[in-house]
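> Before we start, here is the structure in question, set down as structure tokens.
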Amino acid sequence: MNTSRGHGKAVKEDVWIKTTCNMCFNMCAIRVHRVDGVVMNIEGNPECPTSQGGLCPKGAAGIMLLYDPNRVNVPLKRTNPEKGIGVDPKWVEISWDEALDTITERLRKIRAEDPRKMLSIRSVTLMDYSRLTQSFAAAFGTPNTLPSGAGMHCGNGMHLFAGMMRCAWARQPDPNYLNYYLNFGGPAGYGAAYAVTGMTKKMAEARLRGMKHVAIEPWMGMPGMNCDEWIPIRPGTDAAVLLSMVNLLLNEYGIYDGESIKHYTNGPYLVGADGHYMRDKETQKPMMWDLVDGKAKPYDDTTIKDVAIEGNYSINGAKVSPAFALIKEHVKKYTPEMASQISTIPPGTIRRLAKEFGEAARIGSTIVIEGKEIPFRPVAVGCFRSAGAHRHSALTNMAIDVLQEIVGANNVAGGCLGPNSRCLGHPETGQPSYGPSEGPDGLLKVGAWAVAHTPWPVHDAKKPEMIGMNDLVPTGGISPLFIWGITEREKYKIPYKIECIMHAGSNYMMTLFDPKVLEKAFKEGIFTVSFSIYLDESTEFSDIVLPDACYLERLDLLADWETSNSPVDEWAMHIRQPVVEPMFQRRPAQKVHLELAERLGMLGDLYRQMNVRYNFREPYMLDPSKKYTWEEIVDRRLKGNFGRERGLDWFKENGLIRWPKKVEEVYWRPFIKGRIPIYFEHFKTVGEQIDKIKEEHGIPGFDTSDFQPVPDWKPCVSHEDRRPDYDLYGVYYRVPVHTFTSTYNNPWLNEAAEMEPNIYRIAMNTETAKRKGIKSGDWVVVESAGTGHKVEGRAALTEAIHPEVLAYASGGGHWSKHLPIASQREKGISPAWLIPLSWDYIDTVSLNLDLCVKVKVTKKSLREDEK
Amino acid sequence: MRYGMVIDLKKCIGCHGCQIFCKTENATPPGMLWSRVFLFEFGSYPTVEKRPLPVLCMHCGVPECVNVCPTGASVKRPDGIVTVDRDKCTGCLNCLMACPYGARNLFLENVEYFPGQGLTPYEKLGYQRHTLGVVGKCDFCLHRIGKGLEPACVKNCMAKARYFGDLDDPDSEVSQLILTRVAFQASPTVRPGVAKKPEMDPSVYYLAIKRGDNAIE
Chain U
17 MNTSRGHGKA VKEDVWIKTT CNMCFNMCAI RVHRVDGVVM NIEGNPECPT
67 SQGGLCPKGA AGIMLLYDPN RVNVPLKRTN PEKGIGVDPK WVEISWDEAL
117 DTITERLRKI RAEDPRKMLS IRSVTLMDYS RLTQSFAAAF GTPNTLPSGA
167 GMHCGNGMHL FAGMMRCAWA RQPDPNYLNY YLNFGGPAGY GAAYAVTGMT
217 KKMAEARLRG MKHVAIEPWM GMPGMNCDEW IPIRPGTDAA VLLSMVNLLL
267 NEYGIYDGES IKHYTNGPYL VGADGHYMRD KETQKPMMWD LVDGKAKPYD
317 DTTIKDVAIE GNYSINGAKV SPAFALIKEH VKKYTPEMAS QISTIPPGTI
367 RRLAKEFGEA ARIGSTIVIE GKEIPFRPVA VGCFRSAGAH RHSALTNMAI
417 DVLQEIVGAN NVAGGCLGPN SRCLGHPETG QPSYGPSEGP DGLLKVGAWA
467 VAHTPWPVHD AKKPEMIGMN DLVPTGGISP LFIWGITERE KYKIPYKIEC
517 IMHAGSNYMM TLFDPKVLEK AFKEGIFTVS FSIYLDESTE FSDIVLPDAC
567 YLERLDLLAD WETSNSPVDE WAMHIRQPVV EPMFQRRPAQ KVHLELAERL
617 GMLGDLYRQM NVRYNFREPY MLDPSKKYTW EEIVDRRLKG NFGRERGLDW
667 FKENGLIRWP KKVEEVYWRP FIKGRIPIYF EHFKTVGEQI DKIKEEHGIP
717 GFDTSDFQPV PDWKPCVSHE DRRPDYDLYG VYYRVPVHTF TSTYNNPWLN
767 EAAEMEPNIY RIAMNTETAK RKGIKSGDWV VVESAGTGHK VEGRAALTEA
817 IHPEVLAYAS GGGHWSKHLP IASQREKGIS PAWLIPLSWD YIDTVSLNLD
867 LCVKVKVTKK SLREDEK
Chain F
4 MRYGMVIDLK KCIGCHGCQI FCKTENATPP GMLWSRVFLF EFGSYPTVEK
54 RPLPVLCMHC GVPECVNVCP TGASVKRPDG IVTVDRDKCT GCLNCLMACP
104 YGARNLFLEN VEYFPGQGLT PYEKLGYQRH TLGVVGKCDF CLHRIGKGLE
154 PACVKNCMAK ARYFGDLDDP DSEVSQLILT RVAFQASPTV RPGVAKKPEM
204 DPSVYYLAIK RGDNAIE
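Sequence order for the protein chains is U and F.
To convert a position in the first sequence, counted from 1, into the numbering used here, add 16.
To convert a position in the second sequence, counted from 1, into the numbering used here, add 3.
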């Protein structure tokens, strides 16, 4: 007999329940072990083709989230009217009835006055809440929603370009055929990004297959730990390197995919002296120059024989050039020497990488997959947040996608895929069904998109009425400007003020920027309702906190989404069902939202919104004149997509449905008519529109210099701050054991993080530290040039970091006393204190934040009581 | 039959998943890790590498822990797995001190994961499996093997970097991997450049990222 197993008692219940994880937004399929009503184990579900039975450390640690004694278990009301960081709300317990009555009364009043006064803050982790709260907000009548810091930190620039270039939300390298991965800090395959468990396995197999991975990062993160070549780079300089590579390929090596540019991009579109397309007078369509017939024709003219992508031509005396020719000329100034000066990567390295990338692309080659011939370009550029998280995010993402597209590597075998651009649906039902289609100017538009406004066709800029002013910036993603929409609404001409926040998940006080700026916005006049797991740094500003159910206690309407599926192989759509009933007085936020909607008389409107956002299909669409239970709603959505036999009961039993992807879905490029931009002509148009509106209404800020059709590298504030004291670039990174700030109270994940030398510390280069007289483990003070705030942490010295960089994990530095593990002194820092809200740190085009800040780092002299 | 494990370092990304799967499977208390991931750094900027190394009980072919056990509680089974009989263990800790890999721990008390806040339902039920005052260690998830399942750390690894099987069977997956790739056993002390097969003959092999990698020993 040996140590473990068997507590010697007979168990009455021993079951495994198939459900879906929600410790992050990846939605991996899991099976959960329940013994006598207690959750005792979580494993990956081997039946799922996306995860293939794998799981990450966070997924397994969900048990400690379920049973965390610090969770909110009863509805709470604030009794201290004063709000502030560190100010005790003086919570008292109230009944659910009182909570709902109070909330209903407030919402009813606001809806009657002006529904735009309600701001909905959601969490990107809780993807089901995301769609439901957006549906609720739309039905309520407010355009004001945001997923906390998501988007503005990580992906605004990326999503904009993914939408235009791949008709998808993000990017994934093709793990089945990729040979050369030029990775500017992107985590695909390294414990973060999308379809994490499956991509980790597949990229591991790609490494064994011989895929070469070049990891270019300021600090050796997860990608750099298992790559073929780690290349350190000064933060925020990636665009210079990328454009130098474009220059070398186009102008020196002559390696580019002319055929792909001609047929799949707007490279041949003729551009006039003003930078805009020269449009056909009659049809207003962009034109191409037919080399055989010697004249310009609209892009979709069926008589076109062969088009020019280089040269100068004349139309009625006006000089025009194909857009590609302009790009080719424009990048000439990005010599390897110039890029090296900016980035610190040696010019010889840049030349070598460009050559390797260009040759590995195997331009002109094809591959036969399942009997269909597909262009084969086994190279991809990686990036997610990382290189794009800087002042000129859009232009950096533009540089990435121009580099990929000149070798023809988007949407084809081996290259950069969007997950998941096209779905032809389950073989028996044809649902869900979405895909790219040709839009205005012959450019492709997305089939499915996560938020309201798609990247193409782009809306006209309007005078802002949204609190985040996204309507003034149609290319913008999640907007950080919402704070100014609250605190400086007169200046920005916003005609109303926010009086209510419905907050479901997310810890926005720590995941946006300078908490002091947030405090100013939230300290008075805004009735805030939070659906929360914990009393954290954000509920400190709430008026009512409702005890939320965690994923192990919930039935969700959406347990996966387009981007969470693997980019290749098979589709899998799951259920998320409760393993235990919500403990104490916890209630799933979805059910509460439905109840509130009913009380407000807007349930029918909510159903209408949900029908669209969740892809309900006839005959199972939600009838606005009826009332359904949550279970009925889930059942109807599943049946509408997967057939009458596959409703809630079927999914509870089976956990997921899977079917093989078709070649035309994964590598859809040759099968769908339409082009993608490499010249972003409409950026010019949008910039001009914004300028006009700004002038007309006297709106400050919104510098439009980046609304240009070709990419450039431009400096961040940090590059131009040459004060000798502020000599380091502060950047943050992600770790696989934590999700944003939300998991820092989890003792199992905490234990894993403590095993690593860096996660709870501040990493700096050994030589740099020596110069500053800092030793490993010393307490240091980090002062931000952006905010002026100071944070403290212990130094970790490492060789695996650029000498000019200070690096720290993204989610540390909690100060809520209700999180006893998270708020311990040595649990890292909160990067939010270092990041300002300032026009200088915002990319007007995408509304991405600039996340690099210059910092002053000094050794802290400890007081006696601190030693 | 000799059960063994192979860990492919070219696939591993150092995510600590194995550390936590082991924890949920075995309900080990705080500080007790039967599966851990170390992080090593080699070289100097910019020619530097950081490598994760997942470690566990090596179920050594020549287990020192078994040799020093005064009660016969520590045994090496015929299938190669080293176990502790909790009825015979007196908690003398000879084995703890003898193990060069730090693979053994003592169940001292039922420590709370949320200090001062009581035991969670998981801990209440899970800790019932353990006997206080005796030594605990990885047993290659013997209870799972009995049901034809792989150890938890192998089954759940998202990189699929871990393999489990019979080292005595030349056709088993683990044996084939050791044969066809550059494989090494981890030495108890990490000294770059020293490639020496450890005398205790671990049943856990690592697949090197590249030649010369056995310098990770």
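Here a beta-carbon is modelled for each residue, glycine too, at the ideal position from N, C-alpha and C.
All of these numbers come straight from a predicted model, not from anything done at the bench.
Between which two residues does the beta strand (DSSP E) holding Asp-30/U run?
That run of the beta strand (DSSP E) goes 30-36.
> If we cut at 8 angstroms on Cβ distances, does Gln-2/F have a partner in chain U?
Given that chain F is displayed from residue 4 to residue 220, the structure contains no residue 2/F and the question cannot be resolved.
> When burial is assigned at 16 or more other CB atoms within 10 Å of the CB, is His-609/U buried or exposed?
The residue in question, His-609/U, is buried, as its Cβ has 16 or more Cβ neighbours within 10 Å.
> For Gly-318/U, count neighbouring Cβ atoms within 10 angstroms of its own Cβ and tell me buried if that reaches 16, exposed if not.
Looking at the sequence provided, one finds Thr at residue 318/U rather than Gly. So Thr-318/U ends up on the exposed side.
> Please identify the residue among Ile-851/U, Asp-104/U and Leu-551/U whose C-alpha is closest to the C-alpha of Pro-496/U.
Looking at the Cα atoms, Ile-851/U is the closest of the given residues.
> Cβ atoms of Met-161/F and Lys-217/U: under 8 angstroms apart, would you say?
Yes, the pair counts as a contact, with Cβ atoms nearer than the cut-off.
> Whole angstroms is fine: what's the gap from Glu-767/U's alpha carbon to Pro-32/F's?
In a straight line, the C-alpha of Glu-767/U is about 11 angstroms away from that of Pro-32/F.
> With distances taken from CA atoms, which of Ser-839/U, Ala-811/U, Val-682/U and Leu-765/U is nearest Cys-183/U?
Among Ser-839/U, Ala-811/U, Val-682/U and Leu-765/U, the Cα nearest to that of Cys-183/U is on Val-682/U.
> Buried or exposed, going by whether 16 or more other CB atoms sit within 10 Å of the CB of Gln-300/U?
Under this definition Gln-300/U is an exposed residue.
> Along the stretch 737-750 of chain U, where does the CB come closer than 7 angstroms to a CB of chain F? Name the residues.
Of all residues in the stretch 737-750 of chain U, none has a Cβ within less than 7 angstroms of some Cβ in chain F.
> Considering Leu-497/U, what are the terminal residues of the beta strand (DSSP E) in which it resides?
Here Leu-497/U belongs to no beta strand (DSSP E), and DSSP marks it neither H nor E.
> Judging by CA-CA distance, which residue of Phe-723/U, Glu-444/U, Leu-342/U and Glu-647/U is the nearest neighbour of Arg-570/U?
Selected option, being the one with the closest Cα: Glu-647/U.
> Pick from His-698/U, Ala-377/U, Glu-597/U and Arg-879/U: whose alpha carbon is nearest that of Val-54/U?
That would be Glu-597/U, whose Cα lies nearest to the Cα of Val-54/U.
> Could one say the Cβ of Gly-70/U lies closer than 8 angstroms to chain F's Cβ atoms, at least one of them?
Yes, Gly-70/U counts as interfacial toward chain F.
> Less than 8 angstroms between CB atoms is the rule here; does Asn-57/U satisfy it with respect to chain B?
The structure shown contains no chain B; its protein chains are U and F.
> For chain U, is any of its Cβ atoms less than 8 angstroms away from the one on Val-207/F?
Cβ-Cβ to chain U under 8 angstroms: no for Val-207/F.
> Taking the alpha-carbon of Ser-330/U as reference, which of Phe-340/U, Gly-829/U, Asp-322/U and Trp-305/U has the nearest alpha-carbon?
Considering only alpha carbons, the answer is Trp-305/U.
> Taking only beta-carbon atoms, is Met-203/F less than 8 angstroms away from chain U?
Closer than 8 angstroms: no.
> Taking the CB atoms as reference points, tell me whether Phe-152/U and Ser-139/U lie closer together than 8 angstroms.
Not in contact: Phe-152/U and Ser-139/U (Cβ atoms no closer than 8 angstroms).
> So with CB distances below 7 angstroms, who are the chain F contacts of Ala-816/U?
Simply Glu-44, Val-51 and Lys-53.
> Can you give me the C-alpha to C-alpha distance between Gln-593/U and Cys-37/U, rounded to a whole angstrom?
Cα-Cα distance, rounded: 10 angstroms.
> Which residues, taken in chain order from the stretch 145-171 of chain F, show a beta carbon closer than 8 angstroms to some beta carbon of chain U?
For the stretch 145-171 of chain F, which is checked against every Cβ of chain U, the residues closer than 8 angstroms are Leu-145, His-146, Ala-155, Lys-158, Asn-159, Cys-160, Met-161, Ala-162, Lys-163 and Ala-164.
> Using the C-alpha atoms, what's the distance from Gly-168/F back to Thr-491/U?
Roughly 54 angstroms separates the two Cα atoms.
> Does Val-9/F get closer than 8 angstroms to chain U when you measure Cβ to Cβ?
Closer than 8 angstroms: no.
> Whole-angstrom Cβ separation of Ser-832/U and Ser-839/U, contact assumed at under 8 angstroms?
At roughly 6 angstroms, the Cβ-Cβ gap stays under 8 angstroms, so Ser-832/U and Ser-839/U are in contact.
> Would a C-beta distance cut-off of 8 angstroms place Asp-585/U and Lys-655/U closer than the cut-off?
Result no, Cβ atoms of Asp-585/U and Lys-655/U do not sit closer than 8 angstroms.
> Taking CB distances under 8 angstroms as the criterion, tell me whether Leu-180/F reaches chain U.
No - not a single Cβ of chain U is within 8 angstroms of the one on Leu-180/F.
> Between which two residues does the beta strand (DSSP E) carrying Pro-57/F extend?
50-59 is the span of the beta strand (DSSP E), which, as asked, contains Pro-57/F.
> Determine which residues share a DSSP beta bridge with His-49/U and list them.
The partner list for His-49/U (beta bridge, DSSP) reads Trp-32/U and Asn-57/U.
> Counting only beta-carbon atoms, is Lys-26/F nearer than 8 angstroms to chain U?
Output row for Lys-26/F: interface = yes.
> Could you tell me the distance, in whole angstroms, from the CA atom of Pro-203/U to the CA atom of Phe-723/U?
In a straight line, the C-alpha of Pro-203/U is about 28 angstroms away from that of Phe-723/U.
> Among Tyr-450/U, Ala-779/U and Val-726/U, which residue has its Cα nearest to the Cα of Leu-744/U?
Cα-wise, what sits closest to Leu-744/U is Ala-779/U.
> Taking only beta-carbon positions, decide if Gly-493/U is within less than 8 angstroms of chain F.
Answer no: the Cβ-Cβ gap between Gly-493/U and chain F never drops below 8 angstroms.
> Taking Cβ-Cβ distances shorter than 8 angstroms, what residues in chain F pair up with Arg-223/U?
Under the 8 angstroms cutoff, chain F gives Lys-13 and Lys-14.
> If the cut is a Cβ gap below 7 angstroms, which residues of chain F does Val-54/U touch?
Pro-124, Tyr-125 and Leu-128, listed in chain order.
> Assess contact between the stretch 806-816 of chain U and the stretch 730-741 of chain U, defined as three or more Cβ pairs (one per stretch) separated by less than 8 angstroms. Is contact present?
Judged by Cβ distances under 8 angstroms, the stretch 806-816 of chain U makes no contact with the stretch 730-741 of chain U, as fewer than three pairs qualify.
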